[in-house]
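Asks: Quick one: this structure, given as structure tokens, is what I'll be asking you about.
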Amino acid sequence: MSNKNLLPQLLPKENGSSIPCFKTKRNYRRVSQACTECQKRRSKCSGTNPCTKCTAECSPCFYKPGTDRRRNTAELLNFRAALHRMVAKLRSETPGEISQLIRGIQNLPTDQDAVNYLLADQAMSNIEGKELSMNYNS
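With my numbering as the guide, the letters of the sequence shown map in order to residues 295 to 432.
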């Protein structure tokens, strides 16, 4: 028995056949926000105004303001500041103070309330720190 027959043929035969075509990956530009019609149809939006799909189908093309989730940087910055504040507290506080902080966060109804709690706590610490430095310098 020949080993040549056990392996699948990987290359085309030399009798003039061409190498098989492989589909190339299309490079789509990522769009930060799709228009409302493309969202409804769940189709790829070009991101232009009007987009190519709406132009081809003669449908109205408009974008809802404020629904762009990728560009909501203010909320992301608040979450990042709260995370940094939490890490700083976990590293510097005593176990009793950390337990109190965790209980305070667990009693809040939403994650956003917890972020606001941590940011307000940070603001109070900053104010107290400034007052202490003013009293110290006086």
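For each residue, glycine too, the CB sits at the ideal point set by N, CA and C.
(1) Below 7 Å CB to CB, which residues in the same chain sit around F356 once its five sequence neighbours on both sides are set aside?
(2) Pick helix, strand or coil for Q327, following the three-state DSSP scheme.
(3) Is A414 buried or exposed, if buried means 16 or more other CB atoms sit within 10 Å of its CB?
(4) Taking all protein chains shown into account, do 16 or more other C-beta atoms lie within 10 angstroms of the C-beta of C352, making it buried, or fewer, making it exposed?
(5) Please determine if the region 376-394 and the region 403-412 are in contact, where contact requires at least 3 C-beta pairs separated by less than 8 Å.
(6) Is V325 near C339, with beta carbons less than 9 Å apart?
(7) Rounded to whole angstroms, what is the Cα-Cα separation between E369 and P354?
(8) So, at 7 Å on beta carbons, what are the nonlocal neighbours of S337 in its own chain, with the 5 sequence-adjacent residues on each side left out?
Replies: In terms of the structure at hand:
(1) For F356, where only same-chain residues beyond five positions count, the Cβ hits under 7 Å are C329, T330.
(2) Coil at Q327, not helix or strand.
(3) By the C-beta density criterion, A414 is exposed, having fewer than 16 other C-beta atoms within 10 angstroms.
(4) Counting every other CB atom within 10 Å of its CB across the protein chains shown gives C352 a total below 16, marking it as exposed.
(5) The region 376-394 is in contact with the region 403-412.
(6) Cβ atoms of V325 and C339: closer than 9 Å.
(7) Cα-Cα distance, rounded: 31 Å.
(8) Within its own chain, the residues whose Cβ lies closer than 7 Å to the Cβ of S337, once the five positions on either side in sequence are excluded, are K347, listed in chain order.
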